[in-house]
Amino acid sequence: MAEITLEAAPVLGGTSLELSGNRIVERDDLAIVSIATPLGGEEALAEALRNGWSLDVPEPTRSSLSGTVRAIRTSPDQMMLIFPHATPDAEAVVQERLGGTGYTTDQTDSWIALEVAGPDTLSAMERICPLDLPAFEIGGTGRTVMEHIGAMAIRTGDDAFLLLSASSSAGSFLHAVETSFRYVA
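Numbering (my numbering), first residue to last: 1037 to 1221.
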């Protein structure tokens, strides 16, 4: 029988665009694992996050960052951990460090991550995003729509954001973001 080896491929082919000093980069190196808090398990989960990654449970609309690991709050009892990690065992790595204090699901293949940065970032984002992104502090997060596509925005720098959207609409999402940058650059 023939031996077949499958290799993961970036959803957008490893997109990396430079537009008049602005960058749009597909972050296919990131793992995304959701963590749900068990009933009554808030303190145990908070301690496991501190011990495992030196992270605090983020407040709503905020993220917490330790090194290259970021936690973002997605609902009262749920967050996502975003960190550089090759698939397919990201969920197992998180579960091992949590020691059973949270319910985990690997979301890596469900999301596309775009890093956008540059002097025209806020102008480009305000064209397609109804959130008041200039009001976001670094580390601020929000769920929104960009064009007609559901997304999350995380402010990572003065002129930088990590944008997350469903991988099923990755091409359309990239098109919306890229087109907006082309209009303002």
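Even for Gly, the Cβ is constructed at its ideal location relative to N, Cα and C.
Put glycine 1135 into one of helix, strand or coil per three-state DSSP. Walking along the sequence shown from the start, residue 1135 turns up at place 99. Reduced to three states, the DSSP call for glycine 1135 is coil.
Inter-stretch contact at 8 angstroms, needing at least 3 Cβ pairs: the region 1099–1119 / the region 1055–1062: The region 1099–1119, when compared against the region 1055–1062, does not touch it at the 8 angstroms Cβ threshold.
Range covered by the beta strand (DSSP E) that runs through threonine 1215: Working through the sequence shown from its first residue, we reach residue 1215 at position 179. According to the DSSP assignment, threonine 1215 belongs to no beta strand (DSSP E) but to the alpha helix (DSSP H) extending over 1206–1220.
Would you mind stating whether glycine 1186 and leucine 1048 have Cβ atoms separated by less than 9 angstroms? Counting from 1 along the sequence shown, the entry for residue 1186 is found at position 150. Counting from 1 along the sequence shown, the entry for residue 1048 is found at position 12. No; because the gap between Cβ atoms is not below 9 angstroms, this pair is not in contact.
Alpha-carbon to alpha-carbon, arginine 1179 and proline 1170: Position 134 of the sequence shown, counted from the start, is the residue given in the question as residue 1170. Position 143 of the sequence shown, counted from the start, is the residue given in the question as residue 1179. Between the alpha carbons of proline 1170 and arginine 1179 lies a distance of about 15 angstroms.
Please state whether DSSP places serine 1070 in a helix, a strand or coil. As a working note, residue 1070 is residue 34 in the sequence shown. The answer is strand: DSSP assigns serine 1070 an E or B state.
Nonlocal neighbours in the same chain, by C-beta distance under 7 angstroms from leucine 1117, ignoring five residues either side: Sequence index remark: in the sequence shown, residue 1117 carries index 81 (1-based). The answer, listed in chain order, is Val1069, Ile1071, Val1105, Ala1107, Val1130.
Tell me which residues share the same chain as alanine 1080 and place their Cβ nearer than 7 angstroms to its Cβ, disregarding the 5 neighbours each side in the sequence. Within the sequence shown, numbered from 1, the residue matching residue 1080 stands at position 44. So the list reads Thr1137, once near-sequence residues are dropped.
What ranges does the alpha helix (DSSP H) occupy inside the region 1060–1124, keeping only unbroken runs of at least 4 residues that lie completely in it? Scanning the region 1060–1124 from its first residue to its last, the whole alpha helix (DSSP H) runs of 4-plus residues come out as 1078–1089.
Which runs of the beta strand (DSSP E), 3 residues or longer, sit entirely within the region 1153–1182? Listed in chain order, the complete beta strand (DSSP E) runs (minimum 3 residues) inside the region 1153–1182 are 1177–1182.
Tell me whether glutamate 1039 sits in a helix, a strand or coil according to DSSP, three-state version. Against the sequence shown, residue 1039 aligns to sequence position 3. Residue state, collapsed to three classes: coil.
On the criterion of 16 or more Cβ atoms from any shown chain inside 10 Å, does leucine 1199 qualify as buried, or is it exposed? For the purposes of this step, residue 1199 is identified with residue 163 of the sequence shown, where counting begins at 1. Leucine 1199 is buried by the Cβ-count criterion.
Can you tell me whether aspartate 1222 is helix, strand or coil according to DSSP? Coverage of the chain is limited to positions 1037 through 1221, which leaves residue 1222 absent and any answer about it impossible.
Among Glu1162, Ala1189, Pro1155, nearest to serine 1056 - alpha-carbon criterion: The sequence position of residue 1056 within the sequence shown is 20, counting from 1. Minimum Cα distance to serine 1056 is reached at Pro1155.
Can you pull the DSSP bridge partners for glycine 1049? Locating residue 1049 in the sequence shown gives position 13, where the first residue counts as 1. None, per the DSSP bridge assignment.
Collapsed DSSP secondary structure at serine 1203 in the structure displayed: What you label residue 1203 is simply residue 167 of the sequence shown in a count that begins at 1. Of the three classes helix, strand and coil, the one that applies to serine 1203 here is helix, per DSSP.
Just checking, does the region 1212–1219 make contact with the region 1155–1169 on the three C-beta pairs under 8 angstroms criterion? At 8 angstroms Cβ cutoff, the stretches touch.
Measure how close the beta-carbons of leucine 1210 and leucine 1150 come, nearest whole angstrom, since I'm counting them as under 8 angstroms. Translated into the one-based positions of the sequence shown, residue 1210 becomes position 174. Translated into the one-based positions of the sequence shown, residue 1150 becomes position 114. Between leucine 1210 and leucine 1150 a beta carbon distance of about 7 angstroms is seen, short of the 8 angstroms cut, so the two are scored as contacting.
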